[in-house]
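In what follows, a structure is listed as structure tokens, so that the remarks can point back to it.
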Amino acid sequence: MAQHKKKYLDPEQLKKIGNLEIVARQVVEGLRIGSHKSPARGISSEFSAYRQYVPGDETRHIDWKAYARFNRYYIKQFDAETNFIANLLVDGSKSMTYGSNSNGLTKLEYAKFMAASLAYLTVDQGDSAGVGMFDGELNNYVNPKSNMSVLNDISDQLELLEPRPRTNVGGILHDFAHRMSKRGFVMLFSDLFDSTEEFMNGLSHLRYGGHNVILFHILDDYELNFPLSGMWKFLGLEGEGELVTQPARIRENYLKELESFIGEIKSACAKNEVDYVLVNTKDPVEKTISDYLLRRTAMAKSR
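Heads up, the sequence shown is in this note's numbering, so the first residue is 714 and it goes up one at a time.
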């Protein structure tokens, strides 16, 4: 029986991002709890909860910024004896299958490779990663595990993902907020061509549950810059019909609408303290990941 070649965890591809592991460890190294290194160093405050100080608590855990703000003593609490848990959610809706000829990658392929790479980096340092694919519902969910064999499961499920006509990002986030029993990271890969209001509500639900969210907003270079000329037929990938027009006639309005759309998403993320990363699929995957991890490292050092 022929061995099935892994497309998204190919060793040659992963070798290209091998240098990212050094950067990743700086970002996700984490708190030292007992003998275990939780890979949340630099972002550890995102895993903390607070309770009021009581006699007997160690004063070194007092949050003095909270005291200055509320005039009360609060103690930082951390999730003990747990490892870093990353849940990666990939949008498998039809609109994600779009890709211009700039690099040959569709948005979906780009998202799959990003998710597989980040899962690899997480598991390689002894922590847990899981993956879920979604359209109108959550499909092919791989529970987070820390053993290297989970990477085969993740790769298999990514390859099995078939695009569906519609998506429901907001509903998926609500569902996932109920599903998660432990707080951790949710990394979302989507073009967000869905109801913005529902997405915002789902985002708030996840954050209310104490989960940390990173949104990789994946768009094609043509979607971002609209560099078209001549006469074109535009087909809606999720049942919106078609439009025949000259791009030059609609480019200005299109870019204004796009700017408004992205601005609305950014505002929702800022309000909910969610990391927003705008991804252009013309950029190398390893560069996108490296840039983000470097940014997180800088943020951690500035705290």
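Beta carbons: idealized from backbone N, C-alpha and C, even for Gly.
Please read these numbers as outputs of a predicted model, since none were measured by experiment.
*Can you tell which of 1001, 851, 773 and 846 has its C-alpha closest to the C-alpha of residue 931?*
Here the question's residue 931 lines up with position 218 in the sequence shown. The shortest Cα separation from residue 931 among 1001, 851, 773 and 846 belongs to 1001.
*Whose C-alpha, out of 898, 784, 835 and 810, is nearest the C-alpha of residue 863?*
Within the sequence shown, the letter at position 150 stands for residue 863. If we check each option's Cα against that of residue 863, 835 comes out closest.
_Per-residue burial, residue 892 [other beta carbons within 10 Å of its own, 16 or more giving buried]_ = Taking the sequence shown and counting its residues from 1, one reaches residue 892 at position 179. Residue 892 is classed as exposed because its beta carbon has fewer than 16 other beta carbons within 10 Å across all chains shown.
*asked:* Please classify residue 800 as buried or exposed, where buried requires at least 16 other C-beta atoms within 10 Å of its C-beta.
replied: Looking up residue 800 in the sequence shown gives position 87. Classified as buried, residue 800 has 16 or more neighbouring CB atoms from the shown chains inside 10 Å of its CB.
_Helix, strand or coil at residue 847 [DSSP, three-state]_ = Mapped onto the sequence shown, residue 847 falls at position 134. Three-state result, residue 847: strand.
*For residue 903, the nearest candidate out of 804, 978 and 995 (CA to CA)*: For the purposes of this step, residue 903 is taken as residue 190 along the sequence shown, with counting starting at 1. Nearest C-alpha to residue 903: 804.
*Ignore the nearest five residues each way along the sequence and tell me which others in residue 881's own chain have a CB closer than 6 angstroms to its CB.*
Along the sequence shown, read from residue 1 onward, the residue named residue 881 stands at position 168. Correct list, in chain order: 849.
*Would you please state the rounded distance, in angstroms, between the beta carbons of residue 823 and residue 994? I believe it to be under 8 angstroms.*
As a first step, residue 823 is located in the sequence shown; it is residue number 110 there, counting from the start. As a first step, residue 994 is located in the sequence shown; it is residue number 281 there, counting from the start. That pair is a contact at about 5 angstroms.
*asked:* Nearest by alpha-carbon distance to residue 807: which of 906, 897, 925 and 833 is it?
replied: By 1-based counting over the sequence shown, the position of residue 807 is 94. Checking every option, the nearest Cα to that of residue 807 belongs to 906.
_So residue 916 and residue 987 are supposed to be a Cβ contact under 8 angstroms. How far apart are they, rounded?_
To locate residue 916, count along the sequence shown from 1; it is residue 203. To locate residue 987, count along the sequence shown from 1; it is residue 274. With 8 angstroms as the limit, residue 916 and residue 987 qualify as a contact, their Cβ atoms being about 6 angstroms apart.
*Is the Cβ of residue 991 closer than 8 angstroms to any Cβ of chain B?*
Chain labels in this structure do not include chain B; a single protein chain is all it has.
*N- and C-terminal bounds of the alpha helix (DSSP H) containing residue 889*: Locating residue 889 in the sequence shown gives position 176, where the first residue counts as 1. 882-892 is the span of the alpha helix (DSSP H), which, as asked, contains residue 889.
*Give the DSSP-derived three-state secondary structure of residue 836 in the structure shown.*
Position 123 of the sequence shown, counted from the start, is the residue given in the question as residue 836. Of the three classes helix, strand and coil, the one that applies to residue 836 here is helix, per DSSP.
_CB of residue 843 within 8 angstroms of CB of residue 856, strictly_ = The residue given as residue 843 occupies position 130 in the sequence shown. The residue given as residue 856 occupies position 143 in the sequence shown. Yes, the Cβ-Cβ distance between residue 843 and residue 856 is below 8 angstroms.
*For residue 806, write down the residues that DSSP places opposite it in a beta bridge.*
Working through the sequence shown from its first residue, we reach residue 806 at position 93. DSSP, once it has assigned bridges, lists 877 as partnering residue 806.
_Quick check on residue 746: does DSSP put it in helix, strand or coil?_
Counted from its first residue, the sequence shown places residue 746 at position 33. The predicted position of residue 746 is uncertain, since its pLDDT is 28 and thus under 50; no value can be drawn from it.
*asked:* On the DSSP bridge list, what partners appear for residue 932?
replied: Indexing the sequence shown from 1 puts residue 932 at position 219. In the DSSP output, where bridge partners are listed per residue, residue 932 has 993.
*Considering residue 859, what are the terminal residues of the beta strand (DSSP E) in which it resides?*
The residue given as residue 859 occupies position 146 in the sequence shown. Neither: residue 859 is in no beta strand (DSSP E) and is coded neither H nor E.
*List the endpoints of the continuous beta strand (DSSP E) containing residue 898.*
For this step, residue 898 is matched to residue 185 along the sequence shown. Its beta strand (DSSP E) spans residues 898-903.
*asked:* Rounded to whole angstroms, what is the Cα-Cα separation between residue 934 and residue 977?
replied: Locating residue 934 in the sequence shown gives position 221, counting from the first residue. Locating residue 977 in the sequence shown gives position 264, counting from the first residue. So the alpha carbons of these two residues sit roughly 20 angstroms apart.
*So residue 917 is in the alpha helix (DSSP H); what residue range does that whole segment cover?*
As a position in the sequence shown, residue 917 is number 204, starting the count at 1. Segment 909-921, the alpha helix (DSSP H) holding residue 917.
*Would you mind sorting residue 921 into buried or exposed? The rule is 16 or more other CB atoms within 10 Å of its CB.*
Indexing the sequence shown from 1 puts residue 921 at position 208. By the neighbour-count rule (16 or more Cβ atoms within 10 Å), residue 921 is not buried but exposed.
_Spatial distance of residue 975 from residue 768 (CA atoms)_ = Indexing the sequence shown from 1 puts residue 975 at position 262. Indexing the sequence shown from 1 puts residue 768 at position 55. Distance between the alpha carbons of residue 975 and residue 768 is about 48 angstroms.
*Own chain, CB closer than 6 angstroms to residue 927, minus 5 neighbours either side, in chain order*: Within the sequence shown, residue 927 is the residue found at index 214, counting from 1. So the qualifying residues of the chain are 900 and 988.
*Please state whether DSSP places residue 967 in a helix, a strand or coil.*
The count along the sequence shown starts at 1 and reaches residue 967 at position 254. Three-state DSSP puts residue 967 in a helix.
*Please name the residue or residues paired with residue 799 in a DSSP beta bridge.*
For this step, residue 799 is matched to residue 86 along the sequence shown. Answer is 842 and 898, bridged to residue 799.
*Three-way DSSP call (helix, strand, coil) for residue 937 in this model*: The residue given as residue 937 occupies position 224 in the sequence shown. Reduced to three states, the DSSP call for residue 937 is helix.
*Could you give the C-beta distance for residue 884 and residue 911, rounded to a whole number, given that I count them as a contact under 8 angstroms?*
Taking the sequence shown and counting its residues from 1, one reaches residue 884 at position 171. Taking the sequence shown and counting its residues from 1, one reaches residue 911 at position 198. The Cβ separation is near 7 angstroms, so the contact holds.
*Measure the C-alpha to C-alpha separation of residue 877 and residue 774 and round it to an integer number of angstroms.*
Looking up residue 877 in the sequence shown gives position 164. Looking up residue 774 in the sequence shown gives position 61. The alpha-carbon atoms of residue 877 and residue 774 are separated by roughly 49 angstroms.
*Would DSSP call residue 866 helix, strand or coil?*
Your numbering for residue 866 matches position 153 in the sequence shown. Helix, per DSSP.
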